[in-house]
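Enquirer:
Protein chains in written order, with our numbering: chain A, 27 to 344; chain B, 14 to 299.
(1) For the alpha helix (DSSP H) that contains residue 251 of chain B, what are its first and last residues?
(2) Just tell me which of A:310, A:326, A:324 has its CA closest to the CA of residue 117 of chain A.
(3) Do you know offhand how far residue 86 of chain A's Cα is from residue 92 of chain A's?
(4) Per DSSP, what kind of secondary structure is residue 173 of chain B in: helix, strand or coil?
(5) Excluding the five sequence neighbours on either side, which residues of its own chain have a C-beta within less than 6 Å of the C-beta of residue 24 of chain A, listed in chain order?
(6) So with Cβ pairs under 9 Å, would you call residue 290 of chain B a contact of chain A?
(7) At least one CB of chain A closer than 9 Å to the CB of residue 71 of chain B: is that the case?
(8) Please go through the stretch 143-202 of chain A and give each complete alpha helix (DSSP H) segment of 4 or more residues, from N-terminal end onward.
(9) In this structure, does DSSP put residue 283 of chain A in helix, strand or coil?
(10) When you compare only the Cα positions, how much space is there between residue 226 of chain A and residue 151 of chain A?
(11) Let me check understanding here. Comparing Cα to Cα, which of A:231, A:256, A:250 lies closest to residue 239 of chain A?
(12) So, with DSSP's three-state summary, where would you put residue 112 of chain A?
(13) Just tell me which of B:176, B:213, B:137 has its CA closest to the CA of residue 109 of chain B.
(14) Using Cβ-Cβ distances below 8 Å, what residues of the stretch 280-294 of chain A are close to chain B?
(15) Which chain D residues are close to residue 316 of chain A, counting only those with a beta carbon under 9 Å from its beta carbon?
(16) Tell me the DSSP secondary structure of residue 245 of chain A in three-state form.
(17) For residue 154 of chain B, does the count of other Cβ atoms within 10 angstroms reach 16, so buried, or fall short, so exposed?
(18) Going by the beta-carbon positions, is the gap between residue 103 of chain B and residue 242 of chain B smaller than 9 Å?
(19) Using a cut-off of 7 Å between C-beta atoms, extract the partners of residue 258 of chain B located in chain A.
(20) Thinking C-alpha only, which one of B:88, B:66, B:63 is nearest residue 75 of chain B?
(21) First and last residue of the alpha helix (DSSP H) that includes residue 59 of chain B?
(22) Report yes or no: do the stretch 58-68 of chain A and the stretch 299-308 of chain A share at least 3 C-beta pairs separated by less than 8 Å?
(23) Quick one: list the residues of chain B neighbouring residue 41 of chain A, beta-carbon separation under 8 Å, in chain order.
(24) When DSSP labels each residue in this structure, what does residue 34 of chain A get in the three-state scheme?
(25) Return the Cβ separation of residue 238 of chain B and residue 292 of chain A in integer angstroms, given the expectation that the two are a contact with Cβ distance under 8 Å.
(26) Please classify residue 88 of chain B: does DSSP put it in a helix, a strand, or coil?
(27) Please classify residue 31 of chain B as buried or exposed, where buried requires at least 16 other C-beta atoms within 10 Å of its C-beta.
(28) Please state the DSSP three-state secondary structure of residue 82 of chain B.
(29) What residue range does the alpha helix (DSSP H) around residue 69 of chain A cover?
(30) Please report the residue range of the alpha helix (DSSP H) in which residue 66 of chain B lies.
(31) Taking the DSSP output, what are the residues bridged to residue 119 of chain A?
(32) Are the beta-carbon atoms of residue 187 of chain B and residue 115 of chain B separated by less than 9 Å?
(33) Kindly confirm or deny that the stretch 37-54 of chain A and the stretch 311-318 of chain A touch, where touching means at least three C-beta pairs closer than 8 Å.
(34) Quick one: Cα of residue 134 of chain A to Cα of residue 127 of chain A, how far?
(35) Given a cut-off of 9 Å on the beta-carbon distance, is the pair residue 55 of chain B and residue 267 of chain B in contact?
(36) What residues of chain A sit near residue 283 of chain B, judged by a beta carbon separation below 9 Å?
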């Protein structure tokens, strides 16, 4: 187990480094765009040159990257082009908001996907299976930002049960915090549940048709023991891996949802970076999202190995 | 438990296939409606999507304006119809970029193997690990907001998925005897790649393209919703929904109509993609 954790950590850091290169290149893919974007289309050549010199943007790209990445290793995420304030503290302040939203949404997605996916597999090719599979297809086609708009229309503007948006920290006002988080989390969670539900159904179908389930039933194990002790536990292993990827996509999806519900998280910081053409802010926010996504993948790999020791042996053998 | 044991019965299998064909038919119907709107928008739309009519602004659905009017009196139905054109255009080019880039990378990686495969596919996996909307937003920020850039940004996002599929399909083809035969008779790498491999990997890629199309429509709408894709007054479901949000209390139809169009379009392409996948790759059915 320790060896697996060591291997995953050894892969994590080079992957993160490579991801940081991709982000840096993607943001600077058009030379001079940062200066033009920050100063506007009417900026003179002298003003652009002065801006680029001031922010070190006139240096070769690899030099800029090395400078940036070394500063990141020291915990310095750079300063905003707009107000010259360090970006790091702003990112740290916003991270808990996004983590809370993504965790709640992921929880909702799993609460829908695991029982319904298992149920669909159990009643394979029956009406319940057809209905659940159709539901997953419909959920998967709903744009989360449209669902968010509809939820606002119904629950905030018409029924007035929930606030339209805003954010109160959990420690200050837990009730208000949860009321503000319900609609954003449901918007993200329902749409994410579509893929997870399909994976859970497929995974459960495979498990239910395996030899050891047949053996367990032949030995007289009750239906509940077969399902809860044998089937669901084993079906969750492949499900977890996809779940981690989905958590990553969900974490990225907060960009729009945070904007709609006026949540001061990392996603809305990405938009602030884009609207203000503030590339250090954009880069820092995108990097933090990437770190969370890669960490989630790594942690889930380790949890999957804990649940199924065969994975450790298989990975150790390669 | 009986349900699982009975799953192989021909009675259930017949019913299952019938349901799949029905879903494919529904998907095909929805896609056809969207495509017809996109191609014949001028003929179908009752009004111009750009004509302002301030005396008729924020009117509810009526016989004159089936989906009502927006904040400057433009006919909402006409704008929804014209927006189909933008979505289809962007999705078509984006999926084309992804399909072309992904196919070339995937085939080359599988064919040449070794370090070329290692480098190309590791890079693809890296791109794949980014949340799509984040990568799209970053690329749009860098490239600048325009329809063409939205097409390119979404296309880049699709490259890793297509490349993985093309690589897997090429690896299958490379195990066939006719590839060995082609090498024995002295066929060049270029000819083997274009004459022998490409035609045999196209089918799974095209099936995947249908699903990617749905996702491209969603991404385009998301970018336009954030103000990074199609720019007003150009109608796009995303920017219409974004504008409509501001008038939700007075004119809820502005938030419902473009979203419903988006949903039906994505649902249609998803059903078609799923159906095609069943037809061409039955072992993936479950």
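Note that beta-carbon positions come from the ideal geometry of N, C-alpha and C, so glycine has one too. The structure displayed is predicted, hence computed values, not measured ones.
Expert: Looking at the atomic coordinates:
(1) 250-258
(2) A:310
(3) So the two alpha carbons sit approximately 10 Å from each other.
(4) helix
(5) Chain A is shown only over 27 to 344; residue 24 of chain A falls outside these bounds and no answer can be derived.
(6) At a cut-off of 9 Å between beta carbons, residue 290 of chain B makes no contact with chain A.
(7) no
(8) Complete alpha helix (DSSP H) runs here, min 4: 153-167, 170-177.
(9) helix
(10) Answer to the nearest angstrom: the Cα atoms are 15 Å apart.
(11) The alpha carbon of residue 239 of chain A has as its nearest neighbour, out of A:231, A:256, A:250, the alpha carbon of A:256.
(12) strand
(13) B:176
(14) 281, 282, 285, 286
(15) Given the protein chain composition of this structure (A and B), no chain D is represented.
(16) coil
(17) buried
(18) yes
(19) 175
(20) B:88
(21) First-last for residue 59 of chain B: undefined, no H or E at that position.
(22) yes
(23) Within chain B, the residues 139, 142 have their CB atoms less than 8 Å from the CB of residue 41 of chain A, given in chain order.
(24) helix
(25) 19 Å between Cβ atoms; not a contact.
(26) strand
(27) exposed
(28) strand
(29) Here residue 69 of chain A belongs to no alpha helix (DSSP H), and DSSP marks it neither H nor E.
(30) No alpha helix (DSSP H) holds residue 66 of chain B; DSSP gives it neither H nor E.
(31) Residue 119 of chain A pairs with nothing; no bridge assigned.
(32) Not in contact: residue 187 of chain B and residue 115 of chain B (Cβ atoms no closer than 9 Å).
(33) At 8 Å Cβ cutoff, the stretches touch.
(34) 11 Å
(35) no
(36) Result: 163, 166, 167.
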